[in-house]
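Asker: If you count by the working numbering, then the sequence shown holds residues 43 to 347, one letter each, in order. We put the CB at the ideal spot given by N, CA and C, even for glycine. Attaching a single structure in structure tokens format; questions to follow.
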Amino acid sequence: MKILVFTEKPFAQAAVKAIENTINASGNELLLVEGGTREDLLEAVKEAEGLIVRSDKIDGAVMDAAPKLKVIVRAGAGYDNIDLEAATAHGICVMNTPGQNSNAVAELVFGMAVMMCRNQYNGKSGTELKEKSLGIYAFGQVGRNVARIAKGFGMRLEALDTFVPDAVMEGEGVKPVHTPEELFSENDFVSLHIPATPQTRKSIGYDLMMKMPKGGVLINTARKEVIDEEGLMKALEERPDLRYISDIKPDTAEEFEKRFASRVFFTPKKMGAQTAEANFNAGVAAAEQTIAYLKNGWNKFQVNK
Numbered sequence: 043m044k045i046l047v048f049t050e051k052p053f054a055q056a057a058v059k060a061i062e063n064t065i066n067a068s069g070n071e072l073l074l075v076e077g078g079t080r081e082d083l084l085e086a087v088k089e090a091e092g093l094i095v096r097s098d099k100i101d102g103a104v105m106d107a108a109p110k111l112k113v114i115v116r117a118g119a120g121y122d123n124i125d126l127e128a129a130t131a132h133g134i135c136v137m138n139t140p141g142q143n144s145n146a147v148a149e150l151v152f153g154m155a156v157m158m159c160r161n162q163y164n165g166k167s168g169t170e171l172k173e174k175s176l177g178i179y180a181f182g183q184v185g186r187n188v189a190r191i192a193k194g195f196g197m198r199l200e201a202l203d204t205f206v207p208d209a210v211m212e213g214e215g216v217k218p219v220h221t222p223e224e225l226f227s228e229n230d231f232v233s234l235h236i237p238a239t240p241q242t243r244k245s246i247g248y249d250l251m252m253k254m255p256k257g258g259v260l261i262n263t264a265r266k267e268v269i270d271e272e273g274l275m276k277a278l279e280e281r282p283d284l285r286y287i288s289d290i291k292p293d294t295a296e297e298f299e300k301r302f303a304s305r306v307f308f309t310p311k312k313m314g315a316q317t318a319e320a321n322f323n324a325g326v327a328a329a330e331q332t333i334a335y336l337k338n339g340w341n342k343f344q345v346n347k
């Protein structure tokens with residue numbers, strides 16, 4: 043069977059080699075297109091029975107061009123770049139690779155947090171993370187790694203996740219809370235790990251930010267769509283003590299940076315999973331999951347119905 047690895051943003055070379063070895067060892071054939079255009083994708087996918095992507099947009103038109111396609115695996119946790127309804131209509135299984143990037147994202151949370159606490163290293167006196175409180179919004183793989191690292195800084199921890207029992211959080215030394223209002227009002231830092239869904243889009247804005255304690259910092263390594271940018275700007279305008287750091291540039295990044303200067307920071311592109319280790323792990327996991335589905339229908343991480 044032919045498995046297409048299509049990436050506009052290529053995997054690291056070591057990951058590509060490992061993916062190639064994994065697919066070849068399974069008796070399948072690798073089709074590799076790196077740095078390709080949409081036209082390249084529409085052509086290459088015609089013969090593919092499995093498709094591995096990163097952040098590449100996979101919509102109904104791509105699936106229409108792929109009559110043999112059975113499975114799509116997103117090498118990473120987020121999968122909003124794939125049209126799940128179209129995949130279901132085409133009878134295609136869509137999976138992600140949860141957990142493979144989680145430590146990389148969690149480490150970035152603290153890289154940005156320390157930078158902001160130290161005023162982006164501008165030479166002025168800053169603050170420490172020790173004995174500050176951190177609210178974790180979603181306690182999945184990334185959230186749990188954030189909690190693990192935060193303990194090393196000596197932080198107090200709370201988390202909100204309606205899908206995780208209180209006992210699980212408590213077992214990891216994290217206090218469960220049950221509303222966003224609690225999470226924001228009780229923590230010096232709030233770290234977002236929620237997906238972009240109809241329920242969460244633009245759910246983080248003025249009202250929640252205004253509940254944060256003095257000096258509050260919002261950290262976003264999730265999705266830009268969960269932020270109400272207009273509401274967040276209003277809160278930053280009214281509360282000069284608030285700060286926002288994000289691994290996803292807002293649509294209005296230039297206005298944020300012009301108006302709030304040293305109180306905001308955005309990575310130039312999404313960097314959460316951009317480590318050699320995460321790149322390798324997610325790529326190999328995607329290859330193994332694709333092979334397993336084509337061989338015997340294994341679909342543990344299926345995200346569509």
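Report buried or exposed for Y163, applying the criterion of at least 16 other Cβ atoms within 10 angstroms of its Cβ.
Answerer: Stepping through the sequence shown from its first residue, residue 163 is reached at position 121. Exposed, because fewer than 16 other Cβ atoms sit within 10 Å of the Cβ of Y163.
Asker: From the DSSP output, in three-state form, read off Y121 for me.
Answerer: Locating residue 121 in the sequence shown gives position 79, counting from the first residue. DSSP places Y121 in coil when its eight states are reduced to three.
Asker: Pull up the CB-CB distance for E200 and L234, whole angstroms please, since I reckon it's below 8 Å.
Answerer: Along the sequence shown, one-based indexing puts residue 200 at 158. Along the sequence shown, one-based indexing puts residue 234 at 192. About 14 Å; that fails the 8 Å criterion.
Asker: Rank N338, V58, V47 and G133 by C-alpha distance to the C-alpha of N321 and give the top, closest one.
Answerer: Here residue 321 refers to the residue found at position 279 when the sequence shown is read from its first residue. Minimum Cα distance to N321 is reached at V58.
Asker: My output table needs one value for R96: the three-state DSSP class, helix, strand or coil.
Answerer: Within the sequence shown, the letter at position 54 stands for residue 96. Coil, per DSSP.
Asker: Would you identify the three-state DSSP class for S245, choosing helix, strand or coil?
Answerer: For the purposes of this step, residue 245 is identified with residue 203 of the sequence shown, where counting begins at 1. The answer is coil: DSSP assigns S245 none of H, G, I, E or B.
Asker: Enumerate in chain order the residues of its own chain whose CB-to-CB distance from N70 is below 6 Å, with the five nearest sequence positions on each side excluded.
Answerer: Sequence index remark: in the sequence shown, residue 70 carries index 28 (1-based). Around N70: M43 and I45.
Asker: Which residue's Cα is closest to the Cα of A192: T204, Y121, E173 and E89?
Answerer: The residue given as residue 192 occupies position 150 in the sequence shown. Residue E173 is the option with its Cα nearest to A192.
Asker: Just to confirm my understanding: we take E50, look at its own chain, exclude 5 residues before and 5 after, and list those with CB closer than 6 Å. What are they?
Answerer: By one-based count along the sequence shown, residue 50 stands at place 8. Result list for E50: D98, in chain order.
Asker: My parser needs the beta strand (DSSP E) runs of 3 or more residues fully inside the segment 231 to 317; what are they?
Answerer: 231 to 234, 259 to 262, 285 to 288 and 306 to 308
Asker: Can you list, in chain order, the residues of its chain with a C-beta nearer than 6 Å to that of V115? Leave out the 5 residues immediately preceding and following it.
Answerer: Within the sequence shown, the letter at position 73 stands for residue 115. So the list reads I94, M137, A328, Q331 and T332, once near-sequence residues are dropped.
Asker: Identify, in the order they occur along the chain, each residue of the same chain with its Cβ nearer than 7 Å to the Cβ of P218, setting aside the five sequence neighbours on each side.
Answerer: Within the sequence shown, the letter at position 176 stands for residue 218. Excluding sequence neighbours, P218 sits near A201, D208, M211 and E212.
Asker: Based on the DSSP secondary-structure assignment, which residues constitute the bridge partners of P218?
Answerer: As a first step, residue 218 is located in the sequence shown; it is residue number 176 there, counting from the start. Its beta-bridge partners are A201.
Asker: Check whether the Cβ atoms of V326 and I124 lie closer than 9 Å to each other.
Answerer: On the sequence shown, position 284 is the one that residue 326 refers to. On the sequence shown, position 82 is the one that residue 124 refers to. Cβ distance not < 9 Å, so V326 and I124 don't count as in contact.
Asker: Going by CA-CA distance only, name the one from R305, D293 and G141 that's closest to Q311.
Answerer: Reading the sequence shown from its first residue, position 269 is the one you call residue 311. For clarity, residue 311 is Lys in the given sequence; the question names Gln instead. Selection R305, D293 and G141 evaluated against K311 yields D293 as nearest (Cα-Cα).
Asker: Exposed or buried, G314, counting other C-beta atoms within 10 Å across all chains shown (16 or more means buried)?
Answerer: For this step, residue 314 is matched to residue 272 along the sequence shown. Label assigned to G314: buried.
Asker: I need the boundaries of the alpha helix (DSSP H) containing V151, first residue and last residue.
Answerer: In the sequence shown, counting from the first residue as 1, residue 151 sits at position 109. Segment S144 to C159, the alpha helix (DSSP H) holding V151.
Asker: Select from A67, V259, S68 and A56 the residue whose C-alpha is nearest the C-alpha of T169.
Answerer: Walking along the sequence shown from the start, residue 169 turns up at place 127. Per the Cα distances, V259.
Asker: Skipping 5 residues on each side, what residues in its chain have a beta carbon closer than 7 Å to that of D289?
Answerer: Walking along the sequence shown from the start, residue 289 turns up at place 247. Cβ neighbours of D289 beyond the five flanking positions: L150, N262, T263, T309, K312, M313 and G314.
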